[in-house]
Amino acid sequence: MADLLSPVGRIDPAVHFPGETTRQVEARVQAYLTDATTRTAAFTDETTGDEARTAWAYYRAYYAVHQRISNLPSSVAFTDEGSSSYLVAQMQMIKDERDAAWDEFTELVDLLDAEDEDTAFTTLRSLRDGN
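Residue numbering for the sequence shown is 4 to 134, as defined by my numbering.
Structure, rendered in structure tokens:
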């Protein structure tokens, strides 16, 4: 999990989940990794499995951030309390990060499917379609 969090990883708790404590973000990322472990159980190559789990965790993190900022007003101002806004470009950047992680995960799953067509990967394929 530490490899996913800043400064090593791309998830910065203060930036991506500003309303949560570091402990809450760690628990969130651990839940994503637990989910990823289930989704990638069919991987026999440890390196590829690790890459798929990492991609899934990043996908889920960026999905959560995108959902949060998409559902907030584009601009908020409170007297004597400052203001906040999200630009469309910021939302697109998070969406692009989310989509890149999704693409990496699905490419790894597709690679796994291609390696052994006789194995029942329909379960894995259906699991990757959920959130």
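Glycine included, every Cβ here is placed at the ideal spot set by N, Cα and C.
Computed from a prediction, not measured in an experiment: that's the story for all the values here.
Alpha-carbon spacing of Gln93 relative to Pro21, whole angstroms: Along the sequence shown, read from residue 1 onward, the residue named residue 93 stands at position 90. Along the sequence shown, read from residue 1 onward, the residue named residue 21 stands at position 18. Approximately 15 Å, taken between the alpha carbons.
So, for Arg31: in the same chain, excluding its five sequence neighbours on each side, which residues have a beta-carbon less than 8 Å away from its beta-carbon? To locate residue 31, count along the sequence shown from 1; it is residue 28. Same-chain partners within the cutoff: Phe20, Glu23, Ala64 and Ala67.
So who's on the other strand from Ile14, going by DSSP bridges? Taking the sequence shown and counting its residues from 1, the one referred to as residue 14 is at position 11. The partner list for Ile14 (beta bridge, DSSP) reads Leu8.
On the CB-based measure, 16 or more other CB atoms within 10 Å of its CB, does Val28 come out buried or exposed? Sequence index remark: in the sequence shown, residue 28 carries index 25 (1-based). When all chains shown are included, Val28 counts as buried.
Please report how far the alpha carbon of Thr50 lies from the alpha carbon of Ile97, in whole angstroms. Within the sequence shown, the letter at position 47 stands for residue 50. Within the sequence shown, the letter at position 94 stands for residue 97. C-alpha separation (whole angstroms): 26 Å.
Any idea what DSSP makes of Thr47, helix, strand or coil? Taking the first residue of the sequence shown as position 1, residue 47 is located at position 44. Residue state, collapsed to three classes: coil.
Which residues mark the beginning and the end of the alpha helix (DSSP H) in which Leu36 is found? Start at 1 with the first residue of the sequence shown, and residue 36 comes out as number 33. Where Leu36 is concerned, the enclosing alpha helix (DSSP H) stretches over Thr25 to Arg42.
According to DSSP, simplified to helix, strand and coil, what is Gly22? The residue you call residue 22 lines up with position 19 of the sequence shown. Residue state, collapsed to three classes: coil.
For Tyr61, which residues of its own chain have a beta-carbon under 6 Å away from its beta-carbon, when the five flanking residues on both sides are left out? On the sequence shown, residue 61 is found 58 positions in, with the first residue counted as 1. Cβ within range, chain order: Ala104.
Leaving out five residues on either side along the sequence, give the residues of the same chain with a beta carbon under 6 Å from the beta carbon of Ala39. By 1-based counting over the sequence shown, the position of residue 39 is 36. Cβ within range, chain order: Arg56, Trp59 and Ala60.
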